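Read top to bottom, the protein sequences are chains Z and V.
First residue of the first sequence: 0, per numbering that gives the first Met the number 0; consecutive thereafter.
First residue of the second sequence: 0, per numbering that gives the first Met the number 0; consecutive thereafter.
Heads up, the beta-carbon is just placed ideally off N, CA and C, and yes, glycines get one too.
As the structure is a computational prediction, the values presented were derived from the model and not from experiment.
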Amino acid sequence: MRASHDVRARRAGGANSERRRRQTLIAWLFTAPFVVVFAVFMILPIASSIGFSFTDMTAQDIQSPFNVDFVGFEQYANVLSDPEFQNAAWVTALFVIVGIPVTVALGLGLALALNSGIRRLRPIYRVAFYAPVVTSVVAVSVIWRYILARDGLLNMVLALVGVEGPDWLNSTTWALPSLILMAVWRNTGTLMIIFLAGLQAIPTDVREAAEMDGAGRWRRLRSVTLPLLRPTMLLGSVLISVGYLQFFEEAFVMTQGGPLSSTLSMTYYTFNTFGFGDFAKASAASYIMFVVIAAVSILQFRLLRRST
Amino acid sequence: MTKLLSARALTYVVLTAGLVAWLAPFAWMVLGSFKTQDEIFADPPTWWPQSPTGGNFTRWLTELNFGTFFTNSLVVAVITVLGNLLFCSMVGYALAKMDFAGKRILLGVVLVTIMVPGVVTFVPLFVIVAKMGILDSYAALVLPFLTQPVGVFLMRQFMLDIPDSLLEAARIDGASELRIFTRIVLPLCGPALATLGILTFLGSWNNFLWPLVASQTEEMYTLPVALSLYSTGQYATDYGTLLAGAVLIITPILALFVSLQRYFVQGIATMGLK
Chain Z
0 MRASHDVRAR RAGGANSERR RRQTLIAWLF TAPFVVVFAV FMILPIASSI GFSFTDMTAQ
60 DIQSPFNVDF VGFEQYANVL SDPEFQNAAW VTALFVIVGI PVTVALGLGL ALALNSGIRR
120 LRPIYRVAFY APVVTSVVAV SVIWRYILAR DGLLNMVLAL VGVEGPDWLN STTWALPSLI
180 LMAVWRNTGT LMIIFLAGLQ AIPTDVREAA EMDGAGRWRR LRSVTLPLLR PTMLLGSVLI
240 SVGYLQFFEE AFVMTQGGPL SSTLSMTYYT FNTFGFGDFA KASAASYIMF VVIAAVSILQ
300 FRLLRRST
Chain V
0 MTKLLSARAL TYVVLTAGLV AWLAPFAWMV LGSFKTQDEI FADPPTWWPQ SPTGGNFTRW
60 LTELNFGTFF TNSLVVAVIT VLGNLLFCSM VGYALAKMDF AGKRILLGVV LVTIMVPGVV
120 TFVPLFVIVA KMGILDSYAA LVLPFLTQPV GVFLMRQFML DIPDSLLEAA RIDGASELRI
180 FTRIVLPLCG PALATLGILT FLGSWNNFLW PLVASQTEEM YTLPVALSLY STGQYATDYG
240 TLLAGAVLII TPILALFVSL QRYFVQGIAT MGLK
């Protein structure tokens, strides 16, 4: 009895596994182009990045990347003890810590305003506030360098109200805030759209119930809307911080990392180290960045999973 | 009632003021691109171009190789888009609708690598591409971006919603997987393909770090690389030329955005920031 059952199961399993084997072959044929490109240009670089970071590889070793010496964690120690890197980490941290709250606050304000029952110009506002997101950072950096020049638009406007603005990008005090200002301008639209979607997902009956209970506008915002929007806000800020952690192009075009390295970010440091031909050290620096970004991304992934 | 009205009026005022501030950089760019070099450095500065000139644009066409840069940007973007549409949807189909050995591992690897930023891979990528002898070529600019894990994820998520019964019916009728994919699945994926295509185009058009590293001669510069190198090099103070360059990079993508904004906005949640 038992035996015959097993045989039957095996026979059915045999047909199934035959089908599965066929499907496996077809599936891997479908994925083959992706797998090849992905293996050579993604997996291999990720693996060799770790590999390089434990060697003394330089630009001279390109033709024989295996002919290098293993140096253990020396490159990591070099990077972490490099005052230029410590400065870059500080600059990047400031960029994120100041930039994120400002971007989130503005994006939230815009989303709330656009969701507050105004109909007439809503599509126009949405397009206008989102437009900077689609533009090339290099191109907008050129524009902002022109705006922030000593006689630029910003100082012209400030002069109208009697304020004499500084030479924004050539001041160690103002250069980084200027780059943050531009990043806020370029990224607020993303958060506006994400927050708008979040707001529209809040069921209207929840809000109506609060209204029936006599909660005023402000009270409803604080006690109903914002708590319900929290997952969206966390997700949005993490999403933006992954981008902010890698900021580079703005500094490359607007300040070249200056004045006095006051805008030299971690990506810029990695790029410069690479430019000096110090591939191993650059790999170590990029891996340190990766760990930071991965930590932030894992947080993002967890939030995503919780919110869906 | 009056209080509500005035709150709404205030919202409009604030939003409109914000809108003006938000669009001012674009307006300033366009105005500046029509100013002569003398006027840009004029003291006191001018708001409106006093003697509008198209010279900044013709300089790009004559002295600077705008044609080359534009062609490079466009060729790279178009090939990248086509590669992503085809390859990502093929993998997406396998992951969403087939049962095969190694599926979970493949999906896991795809998900994990979505998070890997370009700054981590560009050094070894440079070594690999140099070793292959394709530095400073279209191949170098295109191949690393020909597929992207996030595109695979996007297509898989969309295809999960296609009813299995539809595919089973076709399978029973003896249709091959290739036929099912091209005749049934792809036509149903229009919106996802549009989103993926547009966001890939955007990412490629604006891409900077890798093209900067991988292109060695002017022949292979894309528009952002050319503009960035001019803006930090010999044209550093020639704002008329630089702003005209910015206009030339930004205008095509803004036009695309305004006409196809639905797909742009749809994709943000799925693709995140690039």
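Paired residues, beta bridge with residue i - DSSP
i              : result
threonine 54/Z : Phe69/Z
Sequence-distant residues of the same chain with beta carbon closer than 6 Å to residue i, five excluded per side
i               : result
alanine 16/V    : none
arginine 301/Z  : none
proline 51/V    : Phe33
leucine 79/Z    : none
asparagine 15/Z : none
Own chain partners of residue i with C-beta closer than 7 Å, once the 5 adjacent residues on each side are dropped
i                   : result
threonine 262/Z     : Val90, Ala174, Leu175, Leu178, Ala250, Thr254, Gly256
tyrosine 262/V      : Ala193, Thr194, Ile197
aspartate 277/Z     : Thr57
proline 48/V        : Leu30, Phe33, Lys34, Glu38
glycine 117/V       : Leu208, Trp209
alanine 139/V       : Val128, Ile133, Ala213
phenylalanine 256/V : Phe263
isoleucine 248/V    : Leu222, Pro223, Leu226
Residue-level contact to chain V via CB, residue i, 8 Å cutoff
i                   : result
threonine 307/Z     : Because the pLDDT at threonine 307/Z is just 49, under 50, the model does not fix this residue reliably, and the value given afterwards should be weighed accordingly. No, threonine 307/Z lies away from the interface with chain V (no Cβ there is under 8 Å from its Cβ).
threonine 102/Z     : no
valine 141/Z        : yes
glutamine 255/Z     : yes
phenylalanine 275/Z : no
methionine 232/Z    : no
aspartate 204/Z     : no
alanine 138/Z       : yes
serine 296/Z        : yes
tryptophan 167/Z    : no
tryptophan 310/Z    : The structure shown does not extend to residue 310/Z, since chain Z is modelled only from 0 through 307, so no value can be given for it.
threonine 91/Z      : no
proline 64/Z        : yes
methionine 308/Z    : Because chain Z in this structure spans residues 0 to 307, residue 308/Z falls outside the shown range and cannot be described.
alanine 112/Z       : yes
Contact belief for residue i with residue j at Cβ below 8 Å, rounded distance in angstroms
i                   : j                   : result
phenylalanine 289/Z : alanine 281/Z       : At roughly 12 Å, the Cβ-Cβ gap does not stay under 8 Å, so phenylalanine 289/Z and alanine 281/Z are not in contact.
valine 67/Z         : methionine 56/Z     : 5 Å
isoleucine 192/Z    : leucine 244/Z       : The pair is not a contact, with the Cβ atoms about 21 Å apart (cut-off 8 Å).
isoleucine 142/Z    : tyrosine 286/Z      : That belief does not hold up - the Cβ atoms of isoleucine 142/Z and tyrosine 286/Z are roughly 34 Å apart, past 8 Å.
threonine 221/V     : phenylalanine 68/V  : 6 Å
glycine 213/Z       : phenylalanine 128/Z : The pair is not a contact, with the Cβ atoms about 34 Å apart (cut-off 8 Å).
valine 122/V        : phenylalanine 51/Z  : 7 Å
phenylalanine 33/Z  : valine 90/V         : 4 Å
isoleucine 239/Z    : leucine 195/Z       : Isoleucine 239/Z to leucine 195/Z, Cβ: 15 Å. No contact.
Proximity test, Cβ basis, 8 Å: residue i and chain Z
i                   : result
proline 123/V       : yes
tyrosine 262/V      : no
phenylalanine 100/V : Sequence check: residue 100/V is alanine here, not phenylalanine. It does: the Cβ of alanine 100/V has a partner Cβ on chain Z nearer than 8 Å.
valine 184/V        : no
methionine 158/V    : no
serine 258/V        : no
methionine 219/V    : no
alanine 245/V       : yes
serine 227/V        : yes
phenylalanine 152/V : no
leucine 142/V       : yes
leucine 73/V        : no
Close Cβ partners of residue i (< 8 Å) along its chain, the five nearest in sequence each way excluded
i               : result
arginine 185/Z  : Pro131, Val132, Thr134, Val136, Val139
alanine 209/Z   : Arg218, Arg219, Ser222, Val223
threonine 203/Z : none
valine 241/Z    : Ile292, Val295, Ser296, Gln299
alanine 87/Z    : Ser260, Leu263, Ser264, Met265, Tyr267, Tyr268
valine 70/Z     : Phe53, Thr54, Asp55, Ala279
Cβ pair residue i, residue j closer than 8 Å
i                   : j                : result
valine 246/V        : valine 77/V      : no
leucine 142/V       : valine 35/Z      : no
phenylalanine 144/V : cysteine 188/V   : no
valine 151/V        : valine 111/V     : no
leucine 241/V       : leucine 226/V    : yes
leucine 177/V       : isoleucine 252/V : no
serine 203/V        : valine 75/V      : yes
arginine 155/V      : leucine 94/V     : yes
alanine 182/Z       : glycine 106/Z    : no
tyrosine 124/Z      : leucine 259/V    : no
isoleucine 117/Z    : arginine 7/V     : yes
arginine 170/V      : isoleucine 179/V : yes
alanine 283/Z       : tyrosine 145/Z   : no
isoleucine 61/Z     : valine 119/V     : no
valine 103/Z        : methionine 232/Z : yes
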